[in-house]
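Notes to accompany the following structure.
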Amino acid sequence: MLNKEYIKKVVDEEVDDAGSTAMKCVLWVAAFLFWCVVMIRHGLYALRILKAHKFEPKVISIGNLTVGGVGKTPLVEYVAEHLNKQSKKIVVLMRGYMTQPKVKSDEAEVLQNNLGQIKILTGKNRVQIAQEYLKNHPADVIILDDGFQHLKIQRDLDILVIDSINPWGNGYLLPRGILRERLPAIRRAHVAVLSKTDLAEHNIEGIRKKIKDINPDCLIVESIHRPVHLIDMETKAQCELYFLQGKIICALSAIGSPGSFEDLLRKQGAVIEESYRFLDHHPFSKQDILNILQFCKAHQIDTVITTQKDAVKLDSILKELKPNIKFMYLSIQLTITQNEKDFRGRIDSLFSN
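In terms of this note's numbering, the sequence shown is numbered consecutively and its last residue is 353.
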């Protein structure tokens, strides 16, 4: 059956049959057309036929070259917290991927929960949304989430996040691969932040060389996603990570990089009996959770661990079902492991004049 899951398996080279060969040809043609659109769009901005909007506040863009979970949201949180400590008035501007109509996006919900009073603005027309907000509210800086390809807004600092586990996919553009742009786009980045470096140490030197070959002036920063604690979704109580040592669980995620999430759980000692992986931004249904509960009952498993991004979508379903097993999410924090001082210096230099 032709569906999103099958197409993803074709892109990830997980199937090899006559149907997948034909599908690859179709996807390659679509990728060529996508490349044409990207090049035309960039050309229109380069010729100033399409004009980028300049905001009075400084604009820090945080984006990526690929689709999927590269770790942008924890970096947005890191940058916002760094600026907040310096008493900067911050606005986070994001498109927001709605899983259901009129339902707040999962990333926006996570950022709002973690950043407290910092304003999170979401919507398709980010220029208009920011303009309306700035009419009545002062701001020192706009953090543009998922902004690397958002050429409608001029930026003062362009930060590119690269997933160390799978930096370029199979090298093809969408939809044949996971690239939004070809690698020469790295020339636009002022900073490249390599995420999850502890899970892909064998890839780091190759990634660094590729970046420097394309953009010698780009500052390269390394980071990891460090688990902090677990949160019980029913009681909201915090639980220490040693709870996972030797614990048999089910893992549940609908993110771009489920493997890295599961690796984090295993590094904390968890034994994953079953992994439930859904496509990124999947809108969970009651039946999805009932299927998981049935498996847990049959295998005497009393704990399901998910991500914070998925937890915000599961909350209403769990309140309705009132399962007799624990649903918890893993709280993570981005930690800079190399060039943190230089990275913060680049951010701070925006406000030095």
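C-beta atoms are modelled at their ideal positions from N, C-alpha and C, and glycine is treated no differently.
### Message
If the criterion is Cβ atoms closer than 8 Å, does the pair leucine 144 and valine 59 meet it?
### Response
Taking 8 Å as the Cβ cut-off, leucine 144 and valine 59 qualify as a contacting pair.
### Message
Across the segment 249–265 and the segment 294–308, are there enough close Cβ pairs to call them in contact, namely three or more that are closer than 8 Å?
### Response
Touching, per the Cβ criterion.
### Message
Rounded to whole angstroms, what is the Cα-Cα separation between valine 191 and isoleucine 62?
### Response
Going by the C-alpha atoms only, they are around 10 Å apart.
### Query
Looking at the structure shown, is histidine 53 part of a helix, part of a strand, or coil, going by DSSP?
In the three-state DSSP reduction, histidine 53 falls in the strand class (E or B).
### Query
Looking at isoleucine 129 and leucine 391, is the spacing between their C-beta atoms short of 8 Å?
For residue 391 there is no data in the structure shown, the boundaries of the chain being 1 and 353.
### Query
Rounded to whole angstroms, how far is the Cβ of leucine 179 from the Cβ of lysine 8, which I believe are closer than 8 Å?
Taking C-beta atoms under 8 Å as the contact rule, leucine 179 and lysine 8 fail to qualify, at a distance of about 15 Å.
### Query
Between the segment 29–37 and the segment 166–180, do three or more beta carbon pairs fall short of 8 Å?
Yes, they touch.
### Task
Rank Leu75, Ala52, Gly69 by C-alpha distance to the C-alpha of glutamate 340 and give the top, closest one.
Checking every option, the nearest Cα to that of glutamate 340 belongs to Leu75.
#### Entry: Collapsed DSSP secondary structure at asparagine 203 in the structure displayed
Looking at asparagine 203 - three-state DSSP - the assignment turns out to be helix.
### Message
Between which residues of its own chain and glutamate 181 is the CB-CB distance below 7 Å, once the five residues before and five after are set aside?
### Response
For glutamate 181, where only same-chain residues beyond five positions count, the Cβ hits under 7 Å are Val38, Leu65, Gln149.
### Query
Between the segment 321–338 and the segment 229–236, do at least 3 Cβ pairs fall closer than 8 Å?
Yes: at least three Cβ pairs fall under 8 Å.
### Query
On the three-pair Cβ rule with 8 Å, is the segment 308–322 touching the segment 251–268?
In short, these stretches touch, since the Cβ pair count reaches three.
### Query
If you draw a straight line from the C-alpha of alanine 139 to the C-alpha of lysine 152, how long is it?
Here the alpha carbon of alanine 139 sits roughly 19 Å from the alpha carbon of lysine 152.
### Task
Leaving aside the five residues before and after aspartate 263 along the sequence, list all residues of the same chain whose C-beta is less than 6 Å from its C-beta, in chain order.
By the criterion of a C-beta distance shorter than 6 Å, aspartate 263 is surrounded in its chain by Leu199, once the five residues flanking it on both sides are discounted.
### Query
Span of the alpha helix (DSSP H) holding alanine 108?
It spans 106–115 - the alpha helix (DSSP H) in which alanine 108 sits, taken as one unbroken run.
### Buried or exposed (CB count within 10 angstroms, at least 16 for buried), lysine 4
With fewer than 16 other Cβ atoms within 10 Å, it is exposed.
### Query
Just how far apart, CA to CA, sit proline 184 and cysteine 239?
So the two alpha carbons sit approximately 44 Å from each other.
### Closest residue to isoleucine 211 among Lys24, Pro167, Ala108 (Cα-Cα distance)
It is Pro167.
### Task
Give the straight-line distance between the Cα atoms of valine 228 and glycine 71, rounded to the nearest whole angstrom.
Roughly 16 Å separates the two Cα atoms.
### Message
Less than 7 Å between C-beta atoms, sequence neighbours within five positions excluded: which residues of the same chain meet that for alanine 46?
### Response
Cβ neighbours of alanine 46 within its own chain (closer than 7 Å, five residues either side excluded): none.
### Task
Using the Cα positions of glutamine 154 and serine 105, report the straight-line distance between them to the nearest angstrom.
Each residue's CA atom was taken as its position, placing glutamine 154 and serine 105 some 24 Å apart.
### Query
Given that a residue counts as buried once 16 or more other Cβ atoms are within 10 Å of its Cβ, and exposed if not, what is histidine 137?
An exposed status is given to histidine 137, since fewer than 16 other beta-carbon atoms sit within 10 Å of its beta-carbon.
#### Entry: Distance, leucine 290 Cα to glutamate 320 Cα
Between the C-alpha atoms of glutamate 320 and leucine 290 there is a straight-line separation of about 12 Å.
### Task
Could you check what DSSP says for arginine 89 in three-state terms: helix, strand or coil?
It is lysine, not arginine, that sits at residue 89 in the sequence shown. When DSSP states are grouped into helix, strand and coil, lysine 89 belongs to the coil group.
#### Entry: Which residues DSSP lists as bridging aspartate 163, in chain order
According to DSSP, aspartate 163 bridges with Ser195.
### Sequence-distant residues of its chain with Cβ nearer than 6 Å to glycine 147 (five each side left out)
If the five residues before and after glycine 147 are omitted, its C-beta is found closer than 6 Å to the C-beta atoms of Ser61, Gly63, all from its own chain and listed in chain order.
### Task
Go ahead and label serine 164 buried or exposed: buried means 16 or more other beta carbons lie within 10 angstroms of its beta carbon, across all protein chains shown.
Under this definition serine 164 is a buried residue.
#### Entry: glycine 246 in three-state terms, based on DSSP
It is coil, neither helix nor strand.
### Query
Exposed or buried, which one is threonine 122 when buried takes at least 16 other CB atoms within 10 Å?
Label assigned to threonine 122: buried.
### Task
For asparagine 215, count neighbouring Cβ atoms within 10 angstroms of its own Cβ and tell me buried if that reaches 16, exposed if not.
Sixteen is the threshold: when 16 or more other Cβ atoms of the shown chains lie within 10 Å of the Cβ of asparagine 215, as they do, the residue is buried.
### Task
Look at the alpha carbon of aspartate 288 and the alpha carbon of phenylalanine 295, and state the distance between them as a whole number of angstroms.
Across the structure, aspartate 288 and phenylalanine 295 are spaced so that their CA atoms are roughly 11 Å apart.
### Query
Taking just the CA atoms, how far does alanine 80 sit from glutamine 245?
Rounded to the nearest angstrom, the two C-alpha atoms are 33 Å apart.
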